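Undergrad: If you scroll down you'll find the structure; I have some questions about it.
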Amino acid sequence: MKKLLLAFCVLIGFSGAGFADPLTAPSLWRNQRGSELRITAVGNNGSLRGTFTNYAPGYQCQGIPYPIVGTTSPGPTTFTVNFVQCRTVTKWNGTASGFGMPTEWVLYYNGQTQTGSDFFFRVN
Ligand code: BTN
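With the first letter of the sequence shown counted as 1, position 44 gets the number 120 in this note's numbering; the numbers rise by one all the way through.
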């Protein structure tokens, strides 16, 4: 029985189908590129308020806190940033779990799209 329970836990751990958490406010998250996601408020319906500041090497519009629009839930969390001065819009989709949130993003610029991944760590 113990072995069965252990196997179940290992399976859940590796499948990523474990426990997800909604984001909470206030909280500060940083991704592996050095960019910052600051959550200032979470509505009763899961709506997110906050800012995203880009510090990723190789990108423009750095150091400017842009407002985010998004939602969080015990499942997916999504947020979108309009980097107005760069005419770029990026949308992130992820699932937070404890102090980590792996995401996939799609960046729209000049009729073109770029995709990538960001891992956010909660730092505060
Ligand atoms: C631009 O250079 O056109 C605007 C800034 C885009 C920054 C992107 S969004 C996805 C990726 N993750 C980051 O933290 N920054 C880059």
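Using N, Cα and C, we set each Cβ at its ideal position, and we do this for glycine too.
The structure presented is a predicted model; accordingly, all values stated were derived computationally and were not measured.
1) Please tell me whether, using a cut-off of 8 Å, the distance from the CB of G119 to the nearest non-hydrogen atom of ligand 1 is below it.
2) Less than 7 Å between C-beta atoms, sequence neighbours within five positions excluded: which residues of the same chain meet that for F175?
3) Tell me whether V199 sits in a helix, a strand or coil according to DSSP, three-state version.
4) When you compare only the Cα positions, how much space is there between M177 and P102?
5) Per DSSP, which residues does P141 bridge with? Please list them.
6) Roughly how far, in whole angstroms, is the beta-carbon of I140 from the beta-carbon of V157, given that I think they are within contact range, below 8 Å?
7) Looking only at its own chain, which residues have a Cβ that is under 6 Å from the Cβ of A117, when we skip the five neighbours before and after it?
8) Please indicate yes or no: does the CB of N169 lie closer than 8 Å to some heavy atom of ligand 1?
9) Given W181, which residues of its chain have a CB within under 8 Å of its CB, disregarding the five upstream and five downstream residues?
10) How should G146 be labelled, buried or exposed, when 16 other C-beta atoms within 10 angstroms of its C-beta is the threshold for buried?
TA: In brief:
1) At a cut-off of 8 Å, the beta-carbon of G119 does not count as near ligand 1: no heavy atom of the ligand is closer than that.
2) Excluding residues within five positions, the ones whose Cβ falls inside 7 Å are F197 and R198.
3) The DSSP-derived three-state label of V199 is coil.
4) Roughly 16 Å separates the two Cα atoms.
5) Answer is T129.
6) About 10 Å; that fails the 8 Å criterion.
7) A101 and R125.
8) No, ligand 1 has no heavy atom inside 8 Å of this Cβ.
9) The residues are T166, K167, W168, N169, T191, G192, S193 and D194.
10) Buried, since its Cβ has 16 or more Cβ neighbours within 10 Å.
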